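Residue numbers (our numbering): -13 to 140.
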Amino acid sequence: MKTFLRKMKLSFLAMLCGWIACNIAWWAGAVLAARAVMPPHTDDIVLITAWTAIVVLAAWLAVFLPVDLCVNDRSKLRRPLTAALCGFLSAFIIVAGVFAIAVSSLFEYQSLMESIWRALDKAALPYALGTCATGTVAAWTRALMDKPNRNQIP
């Protein structure tokens, strides 16, 4: 039980870091994707922050926590670089799947390339950046939390 609570706490803190990275990446992508529109209002910032918190919490409960509980503490997947790469790839696969579904619904009415460009034209950059940043930072942070102290005697 102690190990479960410890892993739960550490994975939550790592996912919190991922959520902060998500918001930074989301707003960076939103600014890059903006086309001479009104600047965001304060209520937009609060709303987007709240929605990303809900989505990241759901991702923590559905994906990150179960994976953290299943992966052995001595696994090669606990290395920071390997963990970050796995976090990025899993987040990218989720984003690619969501956009594939969006493209498939548009593909019924348009050509494939036109469907892809229409789906990507709908401000996809902030969502892709936010999701990939969350997965990468959370996995990297969680792996760093498990790094053994070199000065500690076993």
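The C-beta atom is built at its ideal place from N, Cα and C for all residues, glycine as well.
All figures in this text were calculated on a predicted structure; none of them were measured in a lab.
* Determine the direct distance from the alpha carbon of Pro66 to that of Cys118, and round the result to whole angstroms. => If you take the alpha carbons of Cys118 and Pro66, they lie about 16 angstroms apart.
* Asked: Three or more C-beta pairs closer than 8 angstroms, one from the region 6 to 16 and one from the region 37 to 44: is that the case here?
  -> A contact exists between the region 6 to 16 and the region 37 to 44.
* When the Cα atoms are used, what is the spatial distance from Lys(-5) to Phe50? -> A straight line joining the alpha-carbon of Lys(-5) with that of Phe50 spans about 12 angstroms.
* **Distance between Ala48 and Val42 (C-alpha atoms, nearest Å)** => Taking the CA atoms as reference points, Val42 sits about 10 angstroms from Ala48.
* Within 7 angstroms, strictly: CB atoms of Ala82 and Ala125 -> With contacts defined as CB atoms closer than 7 angstroms, Ala82 and Ala125 fail to qualify as a contacting pair.
* Asked: Should Ser61 and Gly121 be called a contact, given that it needs their Cβ atoms to be closer than 7 angstroms?
  -> Ser61 places its beta carbon 7 angstroms or farther from that of Gly121.
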